[in-house]
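Only one structure is covered here, and it is reproduced in the block below.
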Amino acid sequence: MISFLFSLFHTRKAPSHQPDPADPLFFVGTWEYVDHRNRVHQIEIGPDLKLLIDGKDMSAKVSLLTRYELSYVDKFGYKLEIRGNEARPIKFYDESENYTYDLKSANATKKLE
């Protein structure tokens, strides 16, 4: 009797789909982008997710890490986002300039020279 009542009020939980866990090492590397003034800049993300732009420590704090997005907040409160696809990081968004830039591997550029 108790098991019957229990089955009336208890529904089995459907297995929840767990999203793929974020791999912080996906974002590690050196990337380049060309800004709207046609200047080349370099972004470096270390294994500890420390962010350097043009060799300068941005003192930015990680605010979000998902499978395809790494977001920082810089010391002025602006958002800096690195977005990726299945293969690699492909976009850099700088909230202070309200621009999104295409990223390419800095290593690929050096091989072409």
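Counting from -2, one number per residue, gives the positions in the sequence shown under the numbering used here. We put the beta carbon where it would ideally sit given N, CA and C, even for glycine.
Checklist entry - Within this structure, are the beta carbons of Leu46 and Pro18 separated by less than 8 Å? => result By one-based count along the sequence shown, residue 46 stands at place 49. By one-based count along the sequence shown, residue 18 stands at place 21. Against a cut-off of 8 Å, the Cβ pair of Pro18 and Leu46 comes out as no contact.
Checklist entry - Just how far apart, CA to CA, sit Glu92 and Phe23? => result In the sequence shown, residue 92 corresponds to position 95, counting from 1. In the sequence shown, residue 23 corresponds to position 26, counting from 1. When rounded, the distance between both Cα atoms is 22 Å.
Next on the checklist: Does Leu46 come out as helix, strand or coil in the three-state DSSP assignment?
Outcome noted: Numbered from 1 along the sequence shown, position 49 holds the residue referred to as residue 46. Three-state result, Leu46: coil.
Next on the checklist: Spatial neighbours of Ile40 within its chain, please: C-beta separation below 8 Å, excluding the five flanking residues on both sides.
Outcome noted: Taking the sequence shown and counting its residues from 1, one reaches residue 40 at position 43. So the list reads Thr27, Trp28, Glu29, Tyr30, Leu48, Leu49, Ile50, Ile79, Phe89, Leu100, once near-sequence residues are dropped.
Checklist entry - Looking only at C-alpha atoms, which of Lys76, Ile42, Ser60, Asn35 sits nearest to Arg85? => result Working through the sequence shown from its first residue, we reach residue 85 at position 88. Cα-wise, what sits closest to Arg85 is Ile42.
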